[in-house]
Amino acid sequence: MSAIFHIRMAVPGDLDAIMALLQVNQPVFGRLLRDHVAGELDPSPGMKRKYWFVAEQAGQVVGTIYCYHGLRDISYPNYLCVDASAKGSGIGAHLLEAVESQARDMGQKSVQFQCPEGNSANALYARLGYTNTGRELASRNYLINWERTFRRT
Ligand SMILES: CC(C)(COP(=O)(O)OP(=O)(O)OC[C@H]1O[C@@H](n2cnc3c(N)ncnc32)[C@H](O)[C@@H]1OP(=O)(O)O)[C@@H](O)C(=O)NCCC(=O)NCCS
0 MSAIFHIRMA
10 VPGDLDAIMA
20 LLQVNQPVFG
30 RLLRDHVAGE
40 LDPSPGMKRK
50 YWFVAEQAGQ
60 VVGTIYCYHG
70 LRDISYPNYL
80 CVDASAKGSG
90 IGAHLLEAVE
100 SQARDMGQKS
110 VQFQCPEGNS
120 ANALYARLGY
130 TNTGRELASR
140 NYLINWERTF
150 RRT
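Read left to right, the sequence shown gives residues 0 to 152 (numbering that gives the first Met the number 0).
1) So which residues put a beta carbon under 6 Å from any heavy atom of ligand 1, going in chain order?
2) Please report the straight-line C-alpha distance between L123 and V36, rounded to a whole angstrom.
3) Comparing alpha-carbon positions, which option in F28, F52, H93, A57 lies nearest M8?
4) Just reading off the alpha helix (DSSP H) that A122 is part of, what are its end residues?
5) For F112, which residues of its own chain have a beta-carbon under 7 Å away from its beta-carbon, when the five flanking residues on both sides are left out?
6) Might you give, ordered along the chain, the residues of its own chain that have their beta carbon closer than 6 Å to the beta carbon of E135, omitting 5 neighbours on each side?
7) Comparing C-alpha positions only, which one of D15, E96, A137, A83 sits nearest to P115?
8) Excluding the five sequence neighbours on either side, which residues of its own chain have a C-beta within less than 6 Å of the C-beta of L20, listed in chain order?
9) Is it buried or exposed, S109, if we count other Cβ atoms within 10 angstroms and call 16 or more buried?
10) Pull up the distance between the alpha-carbon of Q22 and that of R30, whole angstroms please.
11) On the CB-based measure, 16 or more other CB atoms within 10 Å of its CB, does Q107 come out buried or exposed?
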């Protein structure tokens, strides 16, 4: 498959593709309800702090990421995943960059997220320059805390 891809904000028509990616990665993310995700794709005003982005390659959605831009100037990316056919081409890094750039544009102070210990994505976050701020015990395993700060005040 062509390595050319582009990242865009998700629209309601992307729901099936996003749910398919989340389904494959259910062991990592747990189960997300379709109605819940559909609500977050709703373009109506009032949803302006919750966004999904998708990566498209040859007309197919091959990756996604969610971000909640919190009220206290911190943004929380989550659910980053890329289809097996498209991994290793920089799509994951670009999806993360898309939410990070949106967070900066919104004047947010930092992005923070967690990743299960042992997940190879932790190496990617380190390579992208995120700061590992420790780990915490979740129900089944440890989660690594990652952060990038844009401004201190
Ligand atoms: C984590 C995940 C989203 C990364 O997606 P991806 O598109 O493969 O990510 P990238 O291509 O940007 O980078 C991944 C690797 O490819 C390599 N890579 C990046 N650009 C590349 C290129 N142009 N050519 C070859 N390799 C490349 C990077 O070195 C990186 O390796 P590293 O992780 O060992 O440092 C994907 O593996 C995935 O969906 N995982 C399952 C879900 C998951 O666990 N998500 C994270 C939850 S915290």
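Note that the Cβ used here is the ideal one computed from N, Cα and C, for glycine as well.
Let me lay it out:
1) Qualifying residues, in the order they occur: N24, V27, L79, C80, V81, K86, G87, S88, G89, I90, G91, A92, C114, N118, S119, A120, A122, L123, R126.
2) 26 Å
3) The shortest Cα separation from M8 among F28, F52, H93, A57 belongs to F52.
4) 120-126
5) So the qualifying residues of the chain are Y75, P76, N77, W145.
6) L142
7) Selected option, being the one with the closest Cα: A137.
8) T63, C80
9) buried
10) 7 Å
11) buried
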